[in-house]
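Below: the structure, in structure tokens.
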Amino acid sequence: MPRRTARAQRRRSKRPSAFASNQIDVEKVERKQFDYRDSCFKGPFLVHLCDLDFGQSKNRLIEDGNNVARLTQILSIQGCLRLSREFHVPVVVDAADWLTKVNSREPTLVRGLRMDQLEVRSDYTLPALDHENVIIAAREMFKELQIEDPWWVADVYITGASNDLDLRGELVRSLQESFPNDQRPSDGRIYWNIRYYQGSSTDLRNETAESYWWALLESEPGSRKGDYLRTLPESLQTAFDTLLPIPGIWAGMSIGVLHKLKAMKSDEVQPIICYLEHIRRTFLRLVDGDEHLLSLIDAGSVKFLKSKVPRISSQDLSDLESKNENKILFPFMEDYQRNMIWENLKDIDFPIPTLETFFQDILYLDVGQCVMRQLCFVPPKGDNTIDKVLRSQCSGFTSGLLSRSYWEQTVQNEQLQDLWRFSFQYAFELTPKRDHYRRVPRKNKDKERAFSISANEELNGIPSLLLLRHFLLLARGYNFEVPISEGDRLSEARELPRPHPCDFPLNNNDEVEIERRSGKPFTDSVHADRFALSREFLRQNWNFQRVSAGFVRRSIFQAFFSYLNAGVPEIPH
Numbered sequence: 006m007p008r009r010t011a012r013a014q015r016r017r018s019k020r021p022s023a024f025a026s027n028q029i030d031v032e033k034v035e036r037k038q039f040d041y042r043d044s045c046f047k048g049p050f051l052v053h054l055c056d057l058d059f060g061q062s063k064n065r066l067i068e069d070g071n072n073v074a075r076l077t078q079i080l081s082i083q084g085c086l087r088l089s090r091e092f093h094v095p096v097v098v099d100a101a102d103w104l105t106k107v108n109s110r111e112p113t114l115v116r117g118l119r120m121d122q123l124e125v126r127s128d129y130t131l132p133a134l135d136h137e138n139v140i141i142a143a144r145e146m147f148k149e150l151q152i153e154d155p156w157w158v159a160d161v162y163i164t165g166a167s168n169d170l171d172l173r174g175e176l177v178r179s180l181q182e183s184f185p186n187d188q189r190p191s192d193g194r195i196y197w198n199i200r201y202y203q204g205s206s207t208d209l210r211n212e213t214a215e216s217y218w219w220a221l222l223e224s225e226p227g228s229r230k231g232d233y234l235r236t237l238p239e240s241l242q243t244a245f246d247t248l249l250p251i252p253g254i255w256a257g258m259s260i261g262v263l264h265k266l267k268a269m270k271s272d273e274v275q276p277i278i279c280y281l282e283h284i285r286r287t288f289l290r291l292v293d294g295d296e297h298l299l300s301l302i303d304a305g306s307v308k309f310l311k312s313k314v315p316r317i318s319s320q321d322l323s324d325l326e327s328k329n330e331n332k333i334l335f336p337f338m339e340d341y342q343r344n345m346i347w348e349n350l351k352d353i354d355f356p357i358p359t360l361e362t363f364f365q366d367i368l369y370l371d372v373g374q375c376v377m378r379q380l381c382f383v384p385p386k387g388d389n390t391i392d393k394v395l396r397s398q399c400s401g402f403t404s405g406l407l408s409r410s411y412w413e414q415t416v417q418n419e420q421l422q423d424l425w426r427f428s429f430q431y432a433f434e435l436t437p438k439r440d441h442y443r444r445v446p447r448k449n450k451d452k453e454r455a456f457s458i459s460a461n462e463e464l465n466g467i468p469s470l471l472l473l474r475h476f477l478l479l480a481r482g483y484n485f486e487v488p489i490s491e492g493d494r495l496s497e498a499r500e501l502p503r504p505h506p507c508d509f510p511l512n513n514n515d516e517v518e519i520e521r522r523s524g525k526p527f528t529d530s531v532h533a534d535r536f537a538l539s540r541e542f543l544r545q546n547w548n549f550q551r552v553s554a555g556f557v558r559r560s561i562f563q564a565f566f567s568y569l570n571a572g573v574p575e576i577p578h
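If you're matching positions, the sequence shown starts at 6 in this note's numbering and goes up one per residue.
Pasting the structure below:
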């Protein structure tokens, strides 16, 4: 049996019983829903395009707009196939509204077509449930063609007050969650819906809907995303769940990268939780702590905000100001809400974190944790993180004026942070190059600089053995027991040369591009990165006048490890 096939069968055998329902039970539920749907279906009708209303769809909040751009391109080539059944927009109308607010008449929008036309009262719109991206693209196309009153076809379903609410809810859900003209739903949308139907926010579980989204997730042959999601540690799932109230953040979700968290064997649970909490606090700060406003933050706005630093970068401020004035930023909010957020936004003096930056930055954390693991006698596993293992290897506490708890929260936290600092500062020099390497810049001038730096490092760089010995000596100086062989004399480790003060770009008027503000560092900013993560410079007060490579390195480090600064009591006990 092929290896992949055997592995797939093992995965299927491990699936929860909730997703392996008896086929007879499945058919009973399906038949009940089919009969209900058939009884509600009124038929297809011609409608005015302007009468279709999708309301405040969570799909628009979660999606980043790429599918609209794709469909706009398709419609510009092939035109709108409005009569084709796959383009019909499903509409669910309450029976009372159907009798009082909607009239059926002979078609005037398309004469001769054997299909009735719907006219609605001026104070009413038709509640549309799917194909929103198609309609957005179509409206833009008709606007360019200067067609004033375009039409569309709606499949109408009538539901009454006496209907079973569960069946009606399932009908609405099934119509909303079909994707005949869309690309496969994003990882973020899939995760959000799985957690929603698991009852993470309502305590009401919908196993039918949940299994539908699991099936979407695992529909790609060979994909292990379902495994990554099911084996996500509970502490990390809880941390991700704190971001569920912010729908726009989820366009940056990358379930495929969760294998990095699994590969870390939970070594970095606390830094990861710290980063995710940093995201949550940032967006709460923008909305002045208003949880309701979090639910109105859309993916497009999050994409504009990603890694921007409006208080420091005049270019970032100008870009965001233009979008705010044109109401492109936070389009689902009222003007006064948008103005309030804008005032808060102007005060942000760090790269705005998102889930997209998180999944890029954990690739850097992965390198740092490989360095830190070299200090551990026993590889961390289970609930034992690197921090916990190292604390157990420390003999630095002595009874005196400080209590053990206060000493751990102050002195030892500072020591651990310094070790993590060093692991980030020389991450790529202390790990195998075949496994971890810096990114290569795209611009030719930056490539030339990177080549020059690389050549100089080959000739004059610090040997990796010397770096490792210094790292072990640093840990030993903090009274951490470290794994060394009898023949390895740490006393031979020389003091490292101090990083030369520098930054990148070299021109003080230039800033690093948005794409360079998250993820692994680049080969053309080695010296700037090292200096930014030096002990002396990292402890100085921040006074950056631009968004530089050094600023980015410090920001990412703080996003992961600010927890080692927190929780310090004012008075020793």
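A virtual CB, placed ideally from N, CA and C, is assigned to each residue, including glycine.
(request) Could I get the ranges of all uninterrupted beta strand (DSSP E) runs contained in the region 98-182, with 3 residues as the minimum, in chain order? (result) 107-110, 122-125, 156-164
(request) Assess, as a yes-or-no matter, whether the region 239-253 is touched by the region 191-201 under the definition of 3 or more beta carbon pairs within less than 8 Å. (result) Touching, yes, given that three or more Cβ pairs across the two stretches are closer than 8 Å.
(request) In angstroms with no decimal places, state the Cα-to-Cα distance between residue 407 and residue 484. (result) 17 Å
(request) Please list the segments of the alpha helix (DSSP H) lying wholly inside the region 464-538, counting only runs of 4 or more residues, in order along the chain. (result) 469-482, 531-537
(message) Given a cut-off of 7 Å on the beta-carbon distance, is the pair residue 487 and residue 390 in contact?
(response) no
(request) Could you check which residue in 541, 557, 501, 468 has the C-alpha nearest to that of residue 508? (result) Answer by Cα proximity: 557.
(request) Classify residue 313 as buried or exposed, calling it buried when 16 or more other Cβ atoms lie within 10 Å of its own Cβ. (result) buried
(message) I need the boundaries of the beta strand (DSSP E) containing residue 262, first residue and last residue.
(response) It is not in any beta strand (DSSP E) - residue 262 carries neither H nor E in the DSSP assignment.
(request) Indicate whether the contact test is met: 3 or more Cβ pairs, each with one atom in the region 372-384 and one in the region 463-481, closer than 8 Å. (result) yes
(message) Quick check: residue 325 and residue 315, are their CB atoms within less than 7 Å of each other?
(response) Yes; because the gap between Cβ atoms is below 7 Å, this pair is in contact.
(request) Compute the Euclidean distance between the alpha carbons of residue 235 and residue 260, then round it to the nearest angstrom. (result) 11 Å
(request) Compute the Euclidean distance between the alpha carbons of residue 323 and residue 516, then round it to the nearest angstrom. (result) 14 Å
(message) Taking its Cβ as the centre, do 16 or more other Cβ atoms sit within 10 Å of residue 547, making it buried, or is it exposed?
(response) exposed
(request) Could you spell out the range, first to last residue, of the beta strand (DSSP E) harbouring residue 441? (result) No beta strand (DSSP E) contains residue 441, which DSSP labels as neither H nor E.
(request) Could you spell out the range, first to last residue, of the beta strand (DSSP E) harbouring residue 47? (result) 46-53
(request) Determine the burial state of residue 55: buried for a count of at least 16 other Cβ atoms within 10 Å of its Cβ, exposed for fewer. (result) exposed
(request) Specify the secondary structure class of residue 279 as computed by DSSP and reduced to three states. (result) helix
(message) Going by beta-carbon coordinates alone, are residue 120 and residue 51 separated by less than 7 Å?
(response) Yes, the Cβ-Cβ distance between residue 120 and residue 51 is below 7 Å.
(message) In this structure, how does DSSP classify residue 307 when only helix, strand and coil are distinguished?
(response) helix
(request) Determine, using beta carbons only, whether residue 219 and residue 67 come nearer to each other than 7 Å. (result) no
(request) Return helix, strand or coil for residue 190, following the three-state DSSP convention. (result) The answer is coil: DSSP assigns residue 190 none of H, G, I, E or B.
(message) When you compare the CB positions of residue 148 and residue 129, do they come within less than 7 Å of one another, or not?
(response) no
(request) Indicate whether residue 57 and residue 118 have their beta-carbon atoms separated by less than 7 Å. (result) no
(message) With the cut-off set at 7 Å, would you say residue 536 and residue 542 are in Cβ contact?
(response) yes
(message) Helix, strand or coil for residue 575? Go by DSSP, reduced to three states.
(response) Low local confidence applies: a pLDDT of 35 at residue 575 is under 50, so the model's placement there is unreliable, with the coordinate-based value given in what follows. In the structure shown, residue 575 sits in coil (DSSP, three-state: anything other than H, G, I, E or B).
(request) Look at the alpha carbon of residue 211 and the alpha carbon of residue 204, and state the distance between them as a whole number of angstroms. (result) 8 Å
(request) Quick one: give me the first and last residue of the alpha helix (DSSP H) that residue 556 is part of. (result) 554-566
(message) Whole angstroms are fine: how far does the CA of residue 299 sit from the CA of residue 253?
(response) 9 Å
(message) Taking a contact to mean a Cβ-Cβ separation below 7 Å, would you say residue 528 touches residue 443 in this structure?
(response) yes
(request) For residue 57, write down the residues that DSSP places opposite it in a beta bridge. (result) 131
(request) Please determine if the region 84-103 and the region 329-347 are in contact, where contact requires at least 3 C-beta pairs separated by less than 8 Å. (result) Contact between the region 84-103 and the region 329-347 is absent, with fewer than three C-beta pairs closer than 8 Å.
(message) For residue 28 and residue 172, which I take to be in contact (beta-carbon distance under 8 Å), what is that distance rounded to the nearest angstrom?
(response) The Cβ separation is near 21 Å, so there is no contact.
(message) Between the region 81-98 and the region 133-143, can you find at least three pairs of beta-carbon atoms closer than 8 Å?
(response) yes
(request) Could you tell me if residue 196 is buried or exposed, where buried requires 16 or more neighbouring beta carbons within 10 angstroms of its beta carbon? (result) buried
(message) Quick check: the Cα distance between residue 288 and residue 366, rounded to an integer number of angstroms?
(response) 18 Å
(message) What residue range does the alpha helix (DSSP H) around residue 216 cover?
(response) 212-222
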